Each structure stands twice: as C-alpha cells, then as structure tokens.
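Some notes on the structure that comes next.
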Amino acid sequence: MDIVIHVTRLHTGERRVTRISEVSGLKDGEWRMDDIFVYRLSGE
C-alpha cells in the first residue's frame, strides 16, 4: 500500500496531519487517491 501524508502549518505555527490518503493507482492518466483520514479545522 502506498500512502501520502499531508502536513499543514496552522496559523498558530503548529503543524498538524490534515490528510492521509491511499494511492490506489492510475485511472485515465491521473493518480487516484482515496482518503483514509481528513482533519477538519473547526471555527475557521
């Protein structure tokens, strides 16, 4: 399994894992990614 982990720096300066996605292959020449985890920022 190939995964991509996206880390975002918040306005407070801290870093947070905001998305973890599985790379599930190519479809019509584009990489297909399925989200495993998505962090939702509240209050913004």
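For any residue, its number in the working numbering is found by taking its place in the sequence shown, counting from 1, and adding 532. Backbone N, C-alpha and C define an ideal beta-carbon position, used for all residues, glycine too. From a predicted model like this one, the values you see are computed outputs, not experimental measurements.
Hey, out of the options, whose CA is closest to residue i's CA?
i, options, result
"residue 535", "567, 571, 572 and 573", "567"
Would the beta-carbon of residue i fall within 8 angstroms of that of residue j?
i, j, result
"residue 569", "residue 548", "no"
"residue 554", "residue 533", "yes"
"residue 556", "residue 565", "yes"
At a cut-off of 7 angstroms, is residue i close to the ligand SAH when judged by its beta-carbon and the heavy atoms of the ligand?
i, result
"residue 559", "The ligand SAH is not part of this structure, which contains no ligands at all."
Whole runs of the beta strand (DSSP E) within the stretch 534-568, excluding any shorter than 3 residues: 534-541 and 547-559
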